[in-house]
Amino acid sequence: MRSLILIATAITLSATAAFAADEPISPIQPAKIANPAMVELGKKLFFDPRLSKSGFISCNSCHNLSMGGTDNLKTSIGHNWQKGPINAPTVLNSSLNLAQFWDGRALTLQDQAGGPIANPGEMASTHTLALSVLQSIPAYVAEYKKVFGSDKVSVDGVTKAIAAFEETLVTPNSRFDKWLKGDKKALTAQEVAGYELFKDSGCTACHNGAAAGGNTYQKMGVVEPYKASSPAEGRVAVTKDEADRFYFKVPTLRNVEMTYPYFHDGEAATLASAVDTMGRIQLGKKFSTEENDKIVAFLKSLTGDQPDFKLPILPPSTDSTPQPKPFD
């Protein structure tokens, strides 16, 4: 009897794997944590506003883990209430991206982590100042030495730790993933119809893989031009190749119901609006209200398990810690 059960289980697992393999979107796998101490240090740094000049802005300010890893604003608010030039992409599942930022100018999460700290329009600090803050806090120095074997805090170590934490921010077990794995009751008939329409319309040419996006650069406005409210030019800003103008990294659709507003300029306030615009400018297709509703229903099934952990308690500053300058 036990042998029969094992055979039946193997057949079921094989059928499920084959079913998922036939689909353009694959299930997200849970994070594998290789270095818990580094992840814990990175978590503290992700939430620590003292990495900013003002002592007010942290990584979590623009990539709020209570709000789908973004800030739900058209563009983020930087130092001294500066208006950001572009919509903040979600940090959730960002480890699945081929590169970071809309234009892909950072190849890795570690490359990305150092950018906002020294950006005058974002955290407005300098790497030197941020390191001096951390170096002045004995608890940080001790934790850093435990992870990296050195009591001299470096940019490389700080960004590596932040990236290690961000790599854990994956969102498996969405209802869609459960459906992919063979649970036919995980999705409603409307959601399944929305997924089929999503595929048949050509959306999966760009939104595929585990993240349902994030793995290619595509031109925004294939069939008709997109009139952006943002000055961002896309990949051309990185490559200097005019052929790359208005090519952006395709955003992930995972947890998309939480990461509004949409597009690099945040001009689509709702999923329905985003689906309508993408249909017109990318596919040359005008979705009916019923079709739009089906696709939106499918997209909402992509919301997975959100990061769930105990908030870090940050070590206190000392008398020698450089003071924040929130109004300079």
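The sequence shown maps to residues -20 to -1, 1 to 308 in mature numbering (1 follows the signal peptide of the UniProt record, and there is no 0).
Positions of the beta carbon are idealized from the N, C-alpha and C atoms, including for glycine.
Fair warning: this is a prediction, and the values are worked out from it, not measured in the lab.
1. Go ahead and pull the three-state DSSP assignment for Asp228.
2. Ends of the alpha helix (DSSP H) at Tyr124?
3. Out of Phe307, Asp299 and Leu78, state which residue places its alpha-carbon closest to the alpha-carbon of Leu114.
4. Excluding the 5 residues preceding and the 5 following Pro306 in the sequence, name in chain order all residues of the same chain whose CB lies nearer than 7 Å to its CB.
5. Leaving out five residues on either side along the sequence, give the residues of the same chain with a beta carbon under 6 Å from the beta carbon of Thr239.
6. Looking at Gly193 and Lys274, is the spacing between their C-beta atoms short of 8 Å?
7. Any chance you could list the beta strand (DSSP E) runs of at least 3 consecutive residues sitting entirely within the stretch 190 to 256, in chain order?
8. Could you check whether the stretch 259 to 269 touches the stretch 162 to 171, counting it as contact only if at least three pairs of C-beta atoms, one from each stretch, sit closer than 8 Å?
9. Which of the three DSSP states is assigned to Asn44 in this structure?
10. Measure the C-alpha to C-alpha separation of Pro65 and Lys140 and round it to an integer number of angstroms.
11. Quick one, are the C-beta atoms of Leu282 and Ser154 less than 8 Å apart?
12. Please name the residue or residues paired with residue 335 in a DSSP beta bridge.
13. May I have a chain-ordered list of the alpha helix (DSSP H) segments no shorter than 4 residues that lie completely inside the stretch 127 to 171?
14. Which residues bound the alpha helix (DSSP H) around Leu111?
15. Quick check: the Cα distance between Ser181 and Glu271, rounded to an integer number of angstroms?
16. Would you mind sorting Lys229 into buried or exposed? The rule is 16 or more other CB atoms within 10 Å of its CB.
17. Taking the DSSP output, what are the residues bridged to Ile293?
18. So what does DSSP say about Lys63, is it helix, strand or coil?
According to the structure data:
1. Here the question's residue 228 lines up with position 248 in the sequence shown. The residue you asked about is not Asp; residue 228 is Phe in the sequence shown. DSSP places Phe228 in strand when its eight states are reduced to three.
2. Locating residue 124 in the sequence shown gives position 144, counting from the first residue. Residues Pro118 to Phe128.
3. Counted from its first residue, the sequence shown places residue 114 at position 134. Closest option to Leu114, judged by alpha-carbon separation, among Phe307, Asp299 and Leu78: Asp299.
4. Within the sequence shown, the letter at position 326 stands for residue 306. Taking Pro306 as the centre and dropping the five residues before and after it, the same chain places the C-beta of Ser34, Gly35 and Phe36 closer than 7 Å to its C-beta, in chain order.
5. Within the sequence shown, numbered from 1, the residue matching residue 239 stands at position 259. Residues of the same chain with a CB within less than 6 Å of the CB of Thr239, apart from the 5 flanking positions on each side, are Gly48, Thr50 and Thr70 in chain order.
6. Taking the first residue of the sequence shown as 1, we reach residue 274 at position 294. Taking the first residue of the sequence shown as 1, we reach residue 193 at position 213. No, they are not a contact pair.
7. Runs of the beta strand (DSSP E) inside the stretch 190 to 256: 197 to 199 and 227 to 229.
8. Contact between the stretch 259 to 269 and the stretch 162 to 171 is not established, with fewer than three Cβ pairs separated by less than 8 Å.
9. As a position in the sequence shown, residue 44 is number 64, starting the count at 1. Taken through DSSP and simplified to helix, strand or coil, Asn44 comes out as strand.
10. Translated into positions along the sequence shown, residue 65 becomes position 85. Translated into positions along the sequence shown, residue 140 becomes position 160. CA-CA distance, Pro65 to Lys140, rounds to 26 Å.
11. The residue given as residue 282 occupies position 302 in the sequence shown. The residue given as residue 154 occupies position 174 in the sequence shown. With respect to the 8 Å criterion, Leu282 and Ser154 are classified as neighbours on the basis of their beta carbons.
12. Nothing can be reported for residue 335, as the shown portion of the chain is limited to -20 through 308.
13. Listed in chain order, the complete alpha helix (DSSP H) runs (minimum 4 residues) inside the stretch 127 to 171 are 135 to 146 and 155 to 160.
14. Looking up residue 111 in the sequence shown gives position 131. Counting along the chain, Leu111 sits inside the alpha helix (DSSP H) bounded by residues His107 to Gln115.
15. As a position in the sequence shown, residue 181 is number 201, starting the count at 1. As a position in the sequence shown, residue 271 is number 291, starting the count at 1. In a straight line, the C-alpha of Ser181 is about 11 Å away from that of Glu271.
16. Looking up residue 229 in the sequence shown gives position 249. That one is buried.
17. Mapped onto the sequence shown, residue 293 falls at position 313. Ile293 pairs with nothing; no bridge assigned.
18. In the sequence shown, counting from the first residue as 1, residue 63 sits at position 83. Three-state DSSP puts Lys63 in a strand.
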